[in-house]
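Taking it in order: structure first as structure tokens, then the write-up.
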Ligand code: FEO
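In my numbering, the protein residues as written are 240 to 422.
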């Protein structure tokens, strides 16, 4: 008896998105390490927590694939695209990475619509909302950096920004607290 409730196309696409979320986590991790090396501990803290969020997204997709009786394929994660050149560039890269991810999420939504796989369509709506929030987060950061002077931001402005970010709350949770419903 076939208990797999995902088509081959949808299951492949979900597996690819799972690896993409892991890639997003590695990207945040690499930018966080860059920020820490550059003395921006607040920015590093913010990015480290976000790396954890992306890993939670990966787990959410992994659990969904399993719940639908399909096969999870763990693959190699591509390397991040290199260190940022500045704080401004760091958040430009964050924004681009989130927009690229949104594009891929939309493709999955379209695919589930085309196949009339309403369970996957419904599952993907959480990611649509999440991407909107993450794009807004990156946009707000870019605006703050712009006010601080963008590429020409002075050390004292960056110092204040870094201090602000150290206390900025986000949705990151500890791995043991994460469930599919509450990633
Ligand atoms: Fe999980 Fe920022 O995408």
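All residues carry an ideal CB built from backbone N, CA and C; glycine is no exception. Keep in mind it's a predicted model, so treat the numbers as computed, not measured.
Task: Proximity below 8 Å, CB of residue 394 to CB of residue 282 - done: no
TODO: Whole angstroms is fine: what's the gap from residue 241's alpha carbon to residue 297's?
DONE: 26 Å
Task: Cβ neighbours of residue 272 in the same chain (closer than 8 Å, five flanking residues each side left out) - done: 283
Open item on the list: I need the straight-line Cα distance from residue 306 to residue 264, nearest angstrom please.
Closed with: 23 Å
Task: Contact belief for residue 254 with residue 316 at Cβ below 8 Å, rounded distance in angstroms - done: Their Cβ separation, rounded to whole angstroms, is 13 Å, which puts residue 254 and residue 316 out of contact at 8 Å.
Open item on the list: Taking 7 Å as the cut-off, is the C-beta of residue 271 nearer than that to any heavy atom in the ligand FEO?
Closed with: no
- [ ] Output the boundary residues of the alpha helix (DSSP H) element that contains residue 281.
- [x] 280-306
- [ ] Pull up the distance between the alpha-carbon of residue 249 and that of residue 351, whole angstroms please.
- [x] For residue 249 and residue 351, the distance between alpha carbons rounds to 7 Å.
Open item on the list: I want to check one thing, is the minimum distance from the CB of residue 324 to the heavy atoms of the ligand FEO below 7 Å?
Closed with: Outside the cutoff, so no.
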